[in-house]
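Take the position in the sequence shown, starting the count at 1, then add 187; the result is the number in the working numbering.
Inspection log for the structure reproduced underneath, given as structure tokens.
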Amino acid sequence: MPELPEVETIRLKLWPLLVGRRIVRARVLRKDIVGFPAARGFESGVAGRTITELRRRGKYLIVGLDRGGELVFHLRLSGHLAVVDRDRKVEYERARFELTGDKALSFAEPRALGRVYLVQASRYPKALAGMLKMGLEPIHDDFDAAYLHDRLRGRTASVKSLLLDQRVACGVGNIYSDEALFRAGIRPLRRAGSLEKAEVVRLARVLAEVLRDGIKWCGTTMGDGRYRLPDGGTGSFQKRLAVFGREGERCQRRGCAGEIRRQKLGGRSTHFCPVCQR
Ligand SMILES: [Zn+2]
Numbered sequence: 188m189p190e191l192p193e194v195e196t197i198r199l200k201l202w203p204l205l206v207g208r209r210i211v212r213a214r215v216l217r218k219d220i221v222g223f224p225a226a227r228g229f230e231s232g233v234a235g236r237t238i239t240e241l242r243r244r245g246k247y248l249i250v251g252l253d254r255g256g257e258l259v260f261h262l263r264l265s266g267h268l269a270v271v272d273r274d275r276k277v278e279y280e281r282a283r284f285e286l287t288g289d290k291a292l293s294f295a296e297p298r299a300l301g302r303v304y305l306v307q308a309s310r311y312p313k314a315l316a317g318m319l320k321m322g323l324e325p326i327h328d329d330f331d332a333a334y335l336h337d338r339l340r341g342r343t344a345s346v347k348s349l350l351l352d353q354r355v356a357c358g359v360g361n362i363y364s365d366e367a368l369f370r371a372g373i374r375p376l377r378r379a380g381s382l383e384k385a386e387v388v389r390l391a392r393v394l395a396e397v398l399r400d401g402i403k404w405c406g407t408t409m410g411d412g413r414y415r416l417p418d419g420g421t422g423s424f425q426k427r428l429a430v431f432g433r434e435g436e437r438c439q440r441r442g443c444a445g446e447i448r449r450q451k452l453g454g455r456s457t458h459f460c461p462v463c464q465r
């Protein structure tokens, strides 16, 4: 599933292709892909609007439109956005936005789990209510040790499950939480409230660091969903992962003889080194 670095990469790549273009016509090819409003109102509401900017909030990509409109994309597991020539067909296409300049923004989603919403002036429908409760973005300066400490202290839940909680660390998912906890030397199943101050300081720092690295390498393409860049290319952070997807391999930390282990935690796989993650 695309996490913060993947959605940010998509945003950066789409920006020069979309901003300043007008949406001539929108076509919904599968109705349930539109989360709000109903498909017909969605099509007429989008037509004629000019794209003014692209923003991101957590794992959501927000296409800013003139007159205060916003197209909010949630790619879920396998949603894919591409700008194509207007007459080009796209496999599993669920919605298409015809643009000026004979181009089209295509929203493809093989599993049809992803969604797009049209909202006005940040008045989010119920399905997007979670966006209003999101915590800080770990790559922003205000996400510091004090903030993280405040969210983790006294909590009996595992530190990993709290990192996945969008109200704590917005945009973080399974891959980057495992990688951050490895860099911080913290076992994912530790009770969040048991972390020492120095560990929280380290965790806040490496969380930002690993997400920035993910952006630098255009995200992680592996496993389910096969995230791709808008031009169809792949990210390359998967080559730099230390623990995620590396069960059975030798730990990369210098001097550590540990073997990476995988464990189920709340239906997800968690990867860690049993030797150097306390
Ligand atoms: Zn190790």
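Positions of the beta carbon are idealized from the N, C-alpha and C atoms, including for glycine.
Here the structure is a predicted model, which means the values were calculated and not measured.
DSSP puts GLU256 in a beta bridge; with which residues? A small correction: the amino acid at residue 256 is Gly; Glu does not occupy that position in the sequence shown. Note: GLY256 sits in a beta bridge opposite GLN307.
Does the stretch 257–272 come into contact with the stretch 283–292, if we say contact requires no fewer than three beta-carbon pairs (one atom in each stretch) closer than 8 Å? yes
Can you tell me which of the three DSSP states ALA213 falls into? strand
To test your reading of the DSSP string, which unbroken beta strand (DSSP E) runs of 3 or more residues are found completely within the stretch 226–274? 238–244, 247–252, 256–261 and 267–272
Assigned secondary structure, LYS320 (DSSP; H/G/I helix, E/B strand, else coil): coil
Rounded Cβ spacing between GLY266 and PHE294 (contact assumed at less than 8 Å): 7 Å
Option in LEU350, ILE402, ARG374 and ARG377 with minimal Cα separation from LEU191: ILE402
Tell me whether GLY341 is buried or exposed, calling it buried when 16 or more other Cβ atoms sit within 10 Å of its Cβ. Note on GLY341: under 16 other CB atoms within 10 angstroms of its CB, so exposed under the neighbour-count rule.
Would you give the residue range spanned by the beta strand (DSSP E) that ARG449 belongs to? Counting along the chain, the beta strand (DSSP E) containing ARG449 begins and ends at 448–452.
Report all residues from its chain with a CB closer than 8 Å to the CB of VAL270; omit the five preceding and five following residues, and keep chain order. LEU201, LEU204, LEU205, LEU286, LYS290, ALA291, LEU292, SER293 and PRO417
Mind checking who ALA295 pairs with in its DSSP beta bridge? Answer by DSSP bridge pairing, in chain order: HIS267 and GLU280.
Cβ-heavy atom distance, ARG502 to ligand 1, below 7 Å: Here the chain comprises residues numbered 188 to 465, so residue 502 is not present and cannot be evaluated.
Taking just the CA atoms, how far does GLY322 sit from ARG449? 28 Å
Spatial distance of ILE326 from SER364 (CA atoms): 13 Å
Any contact between the stretch 339–353 and the stretch 414–432? By contact I mean 3 or more CB pairs, one from each, below 8 Å. no
Helix, strand or coil for THR196 per DSSP? helix
Would you call the CB atoms of ARG437 and GLU446 closer than 8 Å? yes
Select from ARG227, ALA234, VAL303 and ARG242 the residue whose C-alpha is nearest the C-alpha of ARG263. VAL303
Buried versus exposed call for LYS313 [16 or more other C-beta atoms within 10 Å across all chains shown]: exposed
By DSSP, does VAL221 sit in helix, in strand, or in coil? strand
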